[in-house]
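J.:
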């Protein structure tokens, strides 16, 4: 039985990529628990499974006494000498049990423990894999899409995770078997197992894409200061280079837009505005409202951060953007509440203003 047992352990270990020593330890512990009840629940049973040497032994320890009070844990000298000829009263002897006598228990226990052990190993492996990629961009394969919820089940390496419908880019249609890039927002170890929070809408996805495409960002020569995003429609990104000789915006755009175009293509046509970051809020706010031209920025309050921006009349709708998108993204990018006014002063003090805030 021993040979078959160890052969089965190795085969199972290879198939499931689980160390046979790990399974052996789990099985040994389970056998001890299963047999303990045959000895009045006493903690006197031990099991040793050595995969390398193919040793499988189960034993029980008993104390040699002149008069038995506990039949489970004690033994008379005459009986003890059958196992140890030198056994004396007060000694503790170890009695090897015939594993054939509880073969059925071993088989059932091994089957249960192997299943449980494999689940634990896979759980640990999944958790470790997700944690190593937390806050990173990964390539996943779409396995299936729930027709009711729209949630997509993805395979990432040897693990699976769910991309919720709300974290998918609006109007983007995913197909089974398709390779997509997703951002791991967070990793949690729940009662149901490791759970990776995936997103295609998170600004971090755009940041990682630029790190991959622009070496200067990856190397730290250019820094991404902030990103605001309306997934599927538009993203604004502020970049900065400590070296004044380096054109941070130009490096991100690339020759003839080659670098940024690759990212736009990955994001299914999402527009990307790359602006120059500045410590000066007036300059930064002006840049953030690109592509609109700004005439002036008046700081109304530092806490909370509120400003009033004046633009040419012809640039008003461009500065505001479709349904307020441009000014809203600019506000998120800069962290300032932005009131936009046309140069002509069309808005009166008590009339409605176009306002956006973070």
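In my numbering, the protein residues as written are 27 to 384. Beta carbons are placed, not taken as given, at the ideal position from N, Cα and C, and that holds for glycine.
At the level of alpha carbons, what is the spacing between residue 297 and residue 278?
T.: Going from the Cα of residue 297 to the Cα of residue 278 covers about 14 Å.
J.: What span of residues does the alpha helix (DSSP H) with residue 346 cover, start to end?
T.: Residues 342-346.
J.: Give the range of the beta strand (DSSP E) segment to which residue 74 is assigned.
T.: Segment 71-76, the beta strand (DSSP E) holding residue 74.
J.: Considering just the uninterrupted stretch of the alpha helix (DSSP H) at residue 279, what are its terminal residues?
T.: First-last of the alpha helix (DSSP H) with residue 279: 274-279.
J.: Mind checking which residues open and close the alpha helix (DSSP H) that includes residue 360?
T.: First-last of the alpha helix (DSSP H) with residue 360: 351-360.
J.: Run through DSSP, which three-state label would residue 95 get?
T.: Residue 95: coil per DSSP, three-state reduction.
J.: Going straight from the alpha carbon of residue 92 to that of residue 217, what length do you get?
T.: Approximately 52 Å, taken between the alpha carbons.
J.: Excluding five sequence neighbours on each side, which residues of the same chain lie with their C-beta closer than 6 Å to the C-beta of residue 40?
T.: Contacts found: none.
J.: Measuring only the C-alpha atoms, how far is residue 221 from residue 184?
T.: If I take the Cα positions, the gap works out to 14 Å.
J.: Assuming residue 139 and residue 53 are in contact, meaning their beta carbons sit under 8 Å apart, how far apart are those beta carbons, in whole angstroms?
T.: 5 Å between Cβ atoms; contact.
J.: When you compare only the Cα positions, how much space is there between residue 150 and residue 164?
T.: If I take the Cα positions, the gap works out to 19 Å.
J.: Tell me which residue opens and which closes the beta strand (DSSP E) that residue 257 is part of.
T.: From DSSP, residue 257 is part of no beta strand (DSSP E); its letter is neither H nor E.
J.: So, for residue 45: in the same chain, excluding its five sequence neighbours on each side, which residues have a beta-carbon less than 7 Å away from its beta-carbon?
T.: Cβ within range, chain order: 39.
J.: At which residues does the beta strand (DSSP E) containing residue 169 begin and terminate?
T.: That run of the beta strand (DSSP E) goes 163-171.
J.: Does the contact criterion of 3 or more C-beta pairs under 8 Å hold for the stretch 106-126 versus the stretch 78-88?
T.: Judged by Cβ distances under 8 Å, the stretch 106-126 makes contact with the stretch 78-88, as three or more pairs qualify.
J.: List the endpoints of the continuous alpha helix (DSSP H) containing residue 207.
T.: Not the alpha helix (DSSP H): residue 207 falls in the beta strand (DSSP E), residues 205-216.
J.: Work out the CA separation of residue 359 and residue 193 for me, nearest whole Å.
T.: Whole-angstrom Cα-Cα distance: 20 Å.
J.: Go ahead and label residue 66 buried or exposed: buried means 16 or more other beta carbons lie within 10 angstroms of its beta carbon, across all protein chains shown.
T.: Label assigned to residue 66: exposed.
J.: Using a beta-carbon distance below 8 Å, is residue 367 in contact with chain C?
T.: Going by chain labels, chain C is absent from the structure shown, which holds only one protein chain.
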